[in-house]
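Trainee: Position 21 (the sequence shown) corresponds to 931 in the working numbering; numbering is contiguous.
Pasting a structure here, questions to come.
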Amino acid sequence: MSIHFCAQAFLPVEKAWDAVEGALKENPNNAGNSFGSPLSPAGGITPAAALATPAPDALWPSVFTPYVQSKIREYAAVWEQYANIHFDFVDDRLAEIRISFNLADGSWSYLGTDALLRRADQATMKLWMV
């Protein structure tokens, strides 16, 4: 049995304050309530956060089959039950979450509002073992 996991992707240090500001703009409760804790550059996820799938010719290579798409939708529905999040699948290159299936570098994802700081032509999540 092989174990596959998705690692957290981190923004460059120079974007840390942008990440904090974005997280606070999305939800002021992301500030937390402890003055002794440093602010994390990772933003928070709100119930309004959405997963969006771009057009197949945008970021999806040929491995994006109807079967793969159905599995992504299936597991996204499971996340909705436990993670206080809602996913909308849309055909939009400007979607907040953009998934790539490049086989290099394993699987990774930017968390919360950090994904909003990626350029529109860059993936915010990469899955290679779907």
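Using N, Cα and C, we set each Cβ at its ideal position, and we do this for glycine too.
Since the model is a prediction, treat every value here as computed from it, not as a measurement.
Roughly how many angstroms separate the alpha carbons of Gln1032 and Ser1010, rounded to a whole number?
Mentor: 9 Å
Trainee: In its own chain, which residues sit with a C-beta less than 6 Å from the C-beta of Arg1028, not counting the 5 before and 5 after it?
Mentor: Thr1034
Trainee: Between Ala919, Asn1012, Asn994 and Ala1025, which has its C-alpha nearest Leu1004's C-alpha?
Mentor: Ala1025
Trainee: Could you check what DSSP says for Ile1009 in three-state terms: helix, strand or coil?
Mentor: Ile1009: strand per DSSP, three-state reduction.
Trainee: Do Ala926 and Tyr1020 have their C-beta atoms within less than 8 Å of each other?
Mentor: no
Trainee: Can you name, in chain order, every residue of its own chain whose Cβ lies under 7 Å from the Cβ of Ala1030, other than the five neighbours on each side?
Mentor: Excluding five sequence positions before and after Ala1030, the CB atoms of its chain that fall closer than 7 Å to its own CB belong to Arg1003 and Leu1004, given in chain order.
Trainee: According to DSSP, what are the bridge partners of Tyr1020?
Mentor: Residue pairing of Tyr1020 in beta bridges, as defined by DSSP: Ala919.
Trainee: In whole angstroms, what is the alpha-carbon distance linking Ile982 and Pro938?
Mentor: 30 Å
Trainee: For Lys1036, which beta-bridge partners are listed by DSSP?
Mentor: Ser1010 and Trp1018
Trainee: Below 8 Å between beta carbons: does that hold for Trp1018 and Ala933?
Mentor: no
Trainee: Hey, Trp989 and Gly1016 are a contact pair by Cβ (cut 8 Å); roughly how many whole angstroms apart?
Mentor: About 20 Å separates the CB atoms of Trp989 and Gly1016; that is not less than 8 Å, and the two are not in contact.
Trainee: Go to Lys925, then tell me how far its alpha helix (DSSP H) extends in each direction, as first and last residue.
Mentor: Run containing Lys925: none; DSSP gives neither H nor E here.
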